[in-house]
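Residue numbers (this note's numbering): 151 to 387.
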């Protein structure tokens, strides 16, 4: 199982939100590039980046910061947040991103999703952010009409290869990950599933690995010291 240490970007800084609430933001580091270098030194192969401002605005305010991170490390990188056009996808891929994550637009613009998958294939992942059984959009500020089961079924039918699924209620809460959710996703769908939200202990990592999950994102638990990244990577491998 791959470990994806995360950097959430806001104003060019590495931050974390509590359960997706922009009013509950903690700045963990003023230099995200150094954080990425620390990930690489701990043995990470991938990095998970989120432009939190872009998630709300649909723009790419942290593009330069992301480009610096990619240039400064040998990490494979995936990015999400506000990616709602083929032009933005190309912009990210052109600076060396390995994978681009579609969120809101995958829900609200079916034609765009289909075009992105057709043109960029496995370089496209989709974020399925779940609150009360439904898919949340626009930086988790709105609830869509899609249940996560129906939406994941549609993604699979379109040929999406990778899904990053977040249980919003667990994100940043340090309450453990939703093992039952990820077991269900990994059983019901043939896509690569990346668990996000609430991975806060080595026991969480072990449980996700045991079910054969493709990957797990570690965010707040790294920044608070609850998980040693090097050890998590060893456990997951």
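Ideal Cβ positions, reconstructed from N, Cα and C, are used throughout, including at glycine. None of these values were measured; they are calculated from a predicted model.
- For residue 226, the pairing in a beta bridge is given by DSSP as 196.
- Taken through DSSP and simplified to helix, strand or coil, residue 186 comes out as helix.
- According to the DSSP secondary-structure assignment, residue 168 is paired through a beta bridge with 171.
- Secondary structure remark: continuous alpha helix (DSSP H) runs of at least 4 residues inside the region 305 to 351, in chain order: 329 to 338.
- In this model, residue 385 and residue 312 are separated by some 22 Å (Cα to Cα).
- The beta carbons of residue 343 and residue 307 sit about 16 Å from each other, so the pair does not count as a contact at 8 Å.
- A straight-line Cα-Cα distance of about 17 Å links residue 378 and residue 357.
- Residue nearest to residue 194 within the set 376, 375, 367 is 367 (criterion: CA-CA distance).
- Boundaries of the beta strand (DSSP E) harbouring residue 292: 292 to 297, taken from the DSSP string.
- Taking residue 228 as reference, the option from 292, 161, 152, 289 with the minimal CA-CA separation is 152.
- In the three-state reduction of the DSSP assignment, residue 254 falls in the helix class.
- The C-alpha of residue 274 is placed about 20 Å away from the C-alpha of residue 332.
- Here the alpha carbon of residue 198 sits roughly 14 Å from the alpha carbon of residue 160.
- In this structure, residue 263 keeps its C-beta atom at 8 Å or more from the C-beta atom of residue 247.
- The alpha-carbon of residue 287 is positioned some 7 Å away from that of residue 294.
- Residue 156 places its beta carbon less than 8 Å from that of residue 369.
- Annotated three-state conformation of residue 219 is helix, per DSSP.
- When rounded, the separation of the alpha-carbon atoms in residue 350 and residue 245 is 31 Å.
- Shortest Cα-Cα distance from residue 280 to any of 317, 296, 179 involves 317.
- With 16 or more other CB atoms across the displayed protein chains lying within 10 angstroms of its CB, residue 167 is buried.
- Between residue 373 and residue 242, the C-beta gap is not smaller than 8 Å, which leaves the two residues out of contact.
- Classified as exposed, residue 181 has fewer than 16 neighbouring CB atoms from the shown chains inside 10 Å of its CB.
- Where residue 155 is concerned, the enclosing beta strand (DSSP E) starts and stops at 152 to 160.
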